[in-house]
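The opening residue of the sequence shown carries number 6 in my numbering; numbering runs sequentially from there.
All C-beta atoms, glycine included, are put in the ideal place defined by N, C-alpha and C.
None of these values were measured; they are calculated from a predicted model.
Input: a single structure, listed below in structure tokens.
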Amino acid sequence: MPWPPSADYLLSDQILVPAMLTKFLRSLLSKRASVSIGTIRCDRSIGHDICYNVTCGQWKLPKQRLLGMTVGHITGSAQLINILNHFGHCVSHSTLLELETAMCDAVVQSPTNIPAGVVKDENIVTQFCWDKFDMNEETPSGA
6 MPWPPSADYL LSDQILVPAM LTKFLRSLLS KRASVSIGTI RCDRSIGHDI
56 CYNVTCGQWK LPKQRLLGMT VGHITGSAQL INILNHFGHC VSHSTLLELE
106 TAMCDAVVQS PTNIPAGVVK DENIVTQFCW DKFDMNEETP SGA
């Protein structure tokens, strides 16, 4: 796995749970011959949880990282992340901080200021501004 992992890598299907575990989970979750997208999503989620917990967190799979980052960005709560970590659903808050720091360092060290995925065209200029001056993060509602 590349360090720090890119968003494309975390969202790709490169990291798979063992084939026998996937087959077992699909037969457990679906009674049909054809497998639905929902069944695939569930067996991946459960499979990632099983692999993460059986290896005592040595396998840090995309689900554990992405769920922790999402919960952290939505709620900003380290306690909630650590509760989910204790139940085996995501990595710990300190692990997420290491990951985010490594990702920031990779951006700082990149030779260009343009994020990956942005197409450069010679005669097109786009500017986008965003401010959060009206957002008060210290209140429960954020208003």
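Note to self: Please classify residue 23 as buried or exposed, where buried requires at least 16 other C-beta atoms within 10 Å of its C-beta.
What the structure shows: exposed
Item checked: Rounded Cβ spacing between residue 52 and residue 27 (contact assumed at less than 8 Å) -> 6 Å
Margin query: Checking 8 Å against the spacing of the C-beta atoms, do residue 86 and residue 98 come in under that value?
Written below: yes
Next item on the list: Could you spell out the range, first to last residue, of the alpha helix (DSSP H) harbouring residue 61?
Entry: That residue, residue 61, is in no alpha helix (DSSP H); it is neither H nor E in DSSP.
Checklist line | Secondary structure of residue 87, DSSP reduced to three states | finding: helix
Margin query: Using C-beta distances below 6 Å, list every residue in its chain close to residue 3, excluding the 5 sequence neighbours before and after it, in chain order.
Written below: Beyond the ends of the chain as shown, which are 6 and 148, falls residue 3; an answer cannot be given.
Check: Between the region 69-77 and the region 27-39, do at least 3 Cβ pairs fall closer than 8 Å?
Finding: no
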